[in-house]
Structure formats: structure tokens, C-alpha cells
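**Student:**
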Amino acid sequence: MIARRTECGMPALQVREFPEDLYKKLKATAAHEHRSIAQQTIMCVERVLRDHGEEEIQGSGEMHRHRVTPHSPYQQDESLQKREARIAKRQEIFRRIDALPKLDLPNGALGPVDIIQGMREERDTQILGTSLNQVVSSTEEERA
1 MIARRTECGM
11 PALQVREFPE
21 DLYKKLKATA
31 AHEHRSIAQQ
41 TIMCVERVLR
51 DHGEEEIQGS
61 GEMHRHRVTP
71 HSPYQQDESL
81 QKREARIAKR
91 QEIFRRIDAL
101 PKLDLPNGAL
111 GPVDIIQGMR
121 EERDTQILGT
131 SLNQVVSSTE
141 EERA
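UniProt numbering puts the first residue of the sequence shown at 1, with every later residue one more than the last.
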């Protein structure tokens, strides 16, 4: 486990060899709770520390008393009613999106990958005066 400070001064925590099954559960729970994985991890750690109550922890060579506050700065300062209203609004938006007619593309129509590739080639041509693929091909020919 590695702890560092971020640009805003908060510690950043990296956990190595995190079990895959535990990560999948954490990710699913975060999605269900409409949180990021980082926010969900903080909530889980706070919950465990709160459940254990006041704990003595070792820090910078001295013993400190650490008490986890019941309200995390990562929890919204909003009522449960507001949170449920926000979730209901999102669910309604997703329901309306799902109700939209499906777009059936004709056979031979360009897929998203082809469209993005074409847009990138067009951008490269505008910037370089030629396609990046042509630059790479000519470089490979010169090497051969």
C-alpha cells in the first residue's frame, strides 16, 4: 500500500494486489449507489472505522486518538428525499432514452470505429497536409 499527497494536499492511496472479486463488488456497489469507486472506497473505510468506534492509531511516532465522524465530506449535504428525487429523475431520463426508437443501420453502413477513423484521418490531413497513415507507410517503406 502506498500513500501520497495529491496536488490539493489530500493523501492519495494506492493498494497493490487488490483481489479482483472484491474490486468487482466495490465497483458494482459504487455504481448502485451512484458514486465513483474512490468515493465508495472512502465510504467503506469510514464505515469500518466507525463500526470499530474510537481507535488508537500510530502516526508520526506518537499515539493519537482518531474518531471517525458520522458525516463524511464525501456524502452530499442533502436530505435522503433530495437524493431519492435525483435518482428518480435519472431513472426517468434513462427510461425515456430506452423508449426512443432504435436506429437500424442499413447493410454496409459505416460503424462507429470507421467513422472515428475517418475523422482522425481528416484531422491529420488538415494538420499535417497528409494522412498520418500515409506518413507511417512512407516511413516504413524508407526503412525497408
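C-beta: ideal position from N, C-alpha, C; glycine also.
Could you check the C-alpha separation between Ile37 and Lys25 for me, to the nearest Å?
**Tutor:** About 10 Å.
**Student:** Buried or exposed, going by whether 16 or more other CB atoms sit within 10 Å of the CB of Gln40?
**Tutor:** Gln40 comes out buried.
**Student:** Using DSSP with H/G/I as helix, E/B as strand and the rest coil, what is Leu13?
**Tutor:** Here Leu13 sits in strand by DSSP.
**Student:** My guess is that Val135 and Leu128 are in contact by the Cβ rule of under 8 Å, so how many angstroms apart are they, rounded?
**Tutor:** Contact flag correct, Cβ pair sits at about 7 Å.
**Student:** In three-state terms, what does DSSP make of Thr41?
**Tutor:** Helix.
**Student:** Pick helix, strand or coil for Pro106, following the three-state DSSP scheme.
**Tutor:** If DSSP states are grouped into helix, strand and coil, Pro106 belongs with coil.
**Student:** What is the rounded straight-line gap between the Cα of Val45 and the Cα of Asp124?
**Tutor:** If I take the Cα positions, the gap works out to 47 Å.
**Student:** Quick one: using the 10 Å Cβ neighbour count with 16 as the cut-off for buried, is Gly9 buried or exposed?
**Tutor:** The residue is exposed, with fewer than 16 neighbouring Cβ atoms inside 10 Å.
**Student:** Got a sec, what are the start and stop residues for the alpha helix (DSSP H) Ala85 sits in?
**Tutor:** From DSSP, the alpha helix (DSSP H) with Ala85 extends over 80–99.
**Student:** Please state the DSSP three-state secondary structure of Thr130.
**Tutor:** Of the three classes helix, strand and coil, the one that applies to Thr130 here is coil, per DSSP.
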